[in-house]
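Written out below as C-alpha cells is the structure these notes cover.
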Ligand code: UD1
Ligand code: CA
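Residue numbers (this note's numbering): 33 to 502.
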C-alpha cells in the first residue's frame with residue numbers, strides 16, 4: 033500500500049545500470065552498436081566514464097551481443113573490477129534487460145539510474161540534476177524527457193489534462209494522435225529499486241514488437257499511485273542516442289567542431305581550415321600553434337606552444353614540446369618529441385619513439401621504439417628500430433638498423449658526434465662508439481670502437497680518428 037508515507041524519502045545510495053546488450057539493427061553492422069567508435073573510443077566507453085563521475089556504489093552493465101568485446105571495452109575504460117556485468121542471453125527488450133540485473137540489485141534499496149549504452153554525449157551535470165530532482169520529489173520514478181522537432185522513432189511522453197505523467201508509448205505502438213507528441217523519453221531514468229522490480233514483474237510483451245518494454249514501468253507505477261515525475265531537459269542533442277551511421281557521423285562532427293572551437297577561443301590555436309581539422313576532445317594544443325587542413329590529433333595527445341602541424345599528418349597519443357614542426361603527411365603514434373624538433377615530410381614515428389631537443393627526422397624516415405639524441409639528424413630514407421642514438425650525430429640517407437633476425441629484435445647503440453655514411457646497414461646487436469664514422473655502403477656487423485673509421489662489406493676498421501676532429 034502506498035499509505036505508508038515515504039518519511040525517509042527514496043534511498044540516497046546510487047546504483048547505475050547501463051543497457052548495452054542490443055545489436056543495434058539500424059547500424060546495419062556485424063559489430064554491436066555500443067562498440068562503434070566515437071572520437072576513437074567505443075560509444076559504451078563514453079557512457080561509462082560519465083557514470084563513474086557520479087561515484088555510484090555499483091555500476092552494472094547489461095551485455096548480450098558480443099558480450100566479451102563489450103566487457104573488454106568497459107574494462108579498458110574503467111579498469112578491471114569497476115563494473116559488474118550481467119548477461120542478457122536473449123534480447124527481449126529493455127524491460128527484460130533490466131530484469132536480468134534483478135538478482136544483483138534485489139534488496140539493494142538504492143536509487144537506480146538507468147542509462148542507455150548508446151547515448152554517449154550526456155553530461156555529468158545533467159545526470160546529477162536528474163538525480164537531485166528525483167530525490168527532492170521523493171519520486172518512485174523520474175524520467176528525463178526532451179522536446180524534439182522530429183520525434184520519429186522515440187517513445188512519446190503522454191500527459192493527462194493536468195499535464196501530469198500518464199504513460200510512455202513507443203513509436204510503433206502509438207496512435208496517429210500520440211505520434212504528434214513532441215516530448216520524448218530519452219531512455220534515462222531514476223527509479224527506486226524496489227518499486228522498479230515490483231513493476232517490472234508485471235510488464236507483458238503485448239505490443240507490436242513482442243518485447244518487454246522498460247517504458248511500461250513508469251505507467252504501471254503511476255497506476256499504482258506512485259509518484260512519477262518528468263524532468264524536462266532542453267538540450268536534445270545531448271540526450272539523443274546513436275541509432276544509425278548518419279547519427280554516428282553527426283555526433284563525431286559535433287565533438288570535433290566543439291574541440292576545434294575550444295582550442296581557437298580558449299587555447300589561442302590557429303586552424304587554417306577548422307572544418308577539415310580532426311581533433312579529439314581530450315587533446316591539448318598550446319598557444320600560437322598552427323594546424324593545417326586534414327590533420328588528425330587523436331586520443332590524449334599533447335602539443336606544445338608555437339608548433340606547426342602541416343597538412344595530412346596524424347598524431348595519436350603522443351607528446352610534442354614547443355616549437356615543433358611536423359611537415360606534411362607524417363604519422364606519429366605513442367611517441368614523444370621535445371622542443372624545437374622537426375619531423376617529415378612523410379615520416380613515421382611509433383612505439384615510443386623519442387626525439388630529444390633540436391633533433392630532426394626527415395623524408396621517408398621511420399623511427400620505431402628508438403631514442404634520438406639532442407641535435408641528431410636523420411634526414412632521408414632511413415629505418416631506425418630499437419636504436420639509441422647520442423647527440424649531434426648524423427645518420428646518412430638510406431641507413432637501416434637491421435634489428436630483426438627473423439626471430440628476435442636486437443638493439444643498435446650509436447654514440448654522439450657519429451657520422452653514419454649513406455646506405456650503412458647496422459646489423460644488430462651492434463654499437464658504434466662516439467665520434468666514429470662509417471663509410472657509405474658499410475655493412476656493420478661488429479661493434480665499432482670510438483673515434484674509428486670503418487668501411488666495406490663487412491665493415492673493417494680503416495683508421496683511428498683524432499678525438500674532437502670528426
Ligand atoms: C528506447 C526506448 C524509447 C526511447 C529511446 C531513447 C524502450 C522500449 N524504448 O528505444 O522510449 O525514446 O530508447 O533513446 O525502452 N537493449 C538491451 N537489451 C534489449 C534491448 C535493448 O540491452 O533486449 C539496450 C540496447 O543495447 C540500447 C538500449 O537498450 O543500448 C536501448 O535500446 P534501443 O533498441 O536502442 O531502444 P530504442 O528503440 O532506441
Ligand atoms: Ca536507442
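Just so it is clear, CB atoms sit at the ideal spot from N, CA and C, and this is done for glycine as well.
Between which residues of its own chain and residue i is the CB-CB distance below 6 Å, once the five residues before and five after are set aside?
i	result
residue 450	425, 464, 468
residue 131	232
residue 184	none
residue 74	67, 105
residue 173	223, 250, 253, 260
residue 192	198
Could you give the residue range of the beta strand (DSSP E) that holds residue i?
i	result
residue 446	444–446
residue 195	It is not in any beta strand (DSSP E) - residue 195 carries neither H nor E in the DSSP assignment.
residue 434	432–434
residue 380	380–382
residue 119	116–119
residue 457	457–459
residue 309	309–311
residue 346	346–348
residue 95	90–95
Should residue i go down as buried or exposed, given a rule of 16 or more other Cβ atoms within 10 Å for buried?
i	result
residue 164	exposed
residue 367	buried
residue 351	buried
residue 346	buried
residue 156	exposed
residue 483	buried
residue 248	buried
residue 436	exposed
residue 47	buried
residue 206	buried
residue 266	exposed
residue 499	exposed
residue 154	buried
residue 489	exposed
residue 227	buried
residue 401	buried
residue 217	buried
residue 240	exposed
residue 474	buried
Taking the DSSP output, what are the residues bridged to residue i?
i	result
residue 496	484
residue 409	392, 426
residue 242	None, per the DSSP bridge assignment.
residue 224	143
residue 451	426, 469
residue 303	323
residue 441	436
residue 124	Paired residue(s): none; residue 124 is not in a bridge.
residue 217	177
Taking C-alpha atoms, which residue in the options lies nearest to residue i?
i	options	result
residue 120	266, 51, 186, 495	51
residue 384	54, 418, 86	418
residue 208	226, 188, 265	188
residue 71	329, 226, 269	329
residue 141	113, 128, 90, 191	90
residue 354	382, 60, 103, 317	317
residue 167	138, 221, 123	221
residue 415	443, 439, 388	443
residue 60	101, 486, 275, 459	275
residue 111	84, 123, 98	84
residue 86	102, 162, 180, 333	162
residue 45	123, 55, 145, 63	145
residue 195	215, 395, 139	215
residue 382	394, 376, 363	363
residue 229	133, 211, 321	133
Might you give, ordered along the chain, the residues of its own chain that have their beta carbon closer than 7 Å to the beta carbon of residue i, omitting 5 neighbours on each side?
i	result
residue 273	148, 150, 151, 219
residue 390	372, 373, 406, 407
residue 78	70, 152
residue 270	153, 154, 155, 158
What is the residue span of the alpha helix (DSSP H) that residue i lies within?
i	result
residue 249	249–255
residue 392	Where residue 392 is concerned, there is no enclosing alpha helix (DSSP H), although the beta strand (DSSP E) it sits in stretches over 392–400.
residue 102	99–110
residue 235	Note, residue 235: premise wrong, no alpha helix (DSSP H); not H, not E.
residue 158	156–168
residue 84	75–85
Leaving out five residues on either side along the sequence, give the residues of the same chain with a beta carbon under 8 Å from the beta carbon of residue i.
i	result
residue 34	Bear in mind that the predicted position of residue 34 carries a pLDDT of just 43, short of 50, making it too unreliable to give a figure here.
residue 477	459, 462, 490, 491
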